[in-house]
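Participant:
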Amino acid sequence: MKIENTKAQMRKGVLEYCILLVLNGKPLYASDIIQSLKEAKMIVVEGTLYPLLTRLKNAGLLAYRWEESTQGPPRKYYELTETGQTFLIELEGSWGELVSAVAKIRENKA
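Following UniProt numbering, the numbering of the sequence shown begins with 1 at its first residue and continues without gaps.
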């Protein structure tokens with residue numbers, strides 16, 4: 001088993017949560033989302049991001065709007081819907097429980 005495969009699977013498991021966190025409180029263009037994720041070491045490429053954004057939009061968690069750009073074609077900005085904000089709150093609770101559970105297991109094995 002290769003560590004890189006496991007690390008990639010762990011990142012994939014939390015990527016949707018991270019996208020919602022990045023969009024919490026501010027609409028962003030896809031390249032801004034990618035930049036935020038890269039800065040946090042959650043490496044993602046457009047080919048990974050766009051299907052996730054579409055899935056989150058189809059689930060009613062995201063909406064988007066077009067905005068004219070001074071540098072090229074109009075840009076699509078994504079933002080959380082009310083449903084997305086509620087979902088994010090629920091995910092934050094689940095994330096806290098998961099982190100706590102893993103910490104407890106780590107403490108017992110140390």
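Glycine residues also receive a C-beta, built at the ideal position from the N, C-alpha and C atoms.
1. With a threshold of 8 angstroms, are at least 3 pairs of Cβ atoms found where one atom belongs to the region 42-51 and the other to the region 10-23?
2. Going by alpha carbons, who is nearest to A59 out of Q71, Q85, S94 and G72?
3. Thinking C-alpha only, which one of L80, S94 and A101 is nearest V14?
4. Distance check for R11 and L49, CA to CA, integer angstroms please.
5. Skipping 5 residues on each side, what residues in its chain have a beta carbon closer than 8 angstroms to that of T54?
6. With distance defined between alpha-carbon atoms, name the residue in I3, P74 and A103 nearest to A30.
7. Taking L23 and L80 to be in contact with their CB atoms under 8 angstroms, please state how far apart those CB atoms are, rounded to whole angstroms.
8. Mind checking whether E67 and Y77 have CB atoms under 8 angstroms apart?
9. Ignore the nearest five residues each way along the sequence and tell me which others in P27's own chain have a CB closer than 6 angstroms to its CB.
10. By how many angstroms is the C-alpha of K57 removed from the C-alpha of R65?
Facilitator: Taking the coordinates as given:
1. Yes, the region 42-51 is in contact with the region 10-23.
2. Of Q71, Q85, S94 and G72, the residue nearest in Cα terms is Q85.
3. Minimum Cα distance to V14 is reached at S94.
4. Their backbone Cα atoms lie some 13 angstroms apart in a straight line.
5. So no residue of the chain qualifies.
6. Ranking I3, P74 and A103 by Cα distance to A30 puts P74 first.
7. Contact check for L23 and L80: beta-carbon distance about 5 angstroms, within the 8 angstroms limit, so the pair qualifies.
8. Going by C-beta atoms, E67 is nearer than 8 angstroms to Y77.
9. Around P27: Y77 and E79.
10. Answer to the nearest angstrom: the Cα atoms are 12 angstroms apart.
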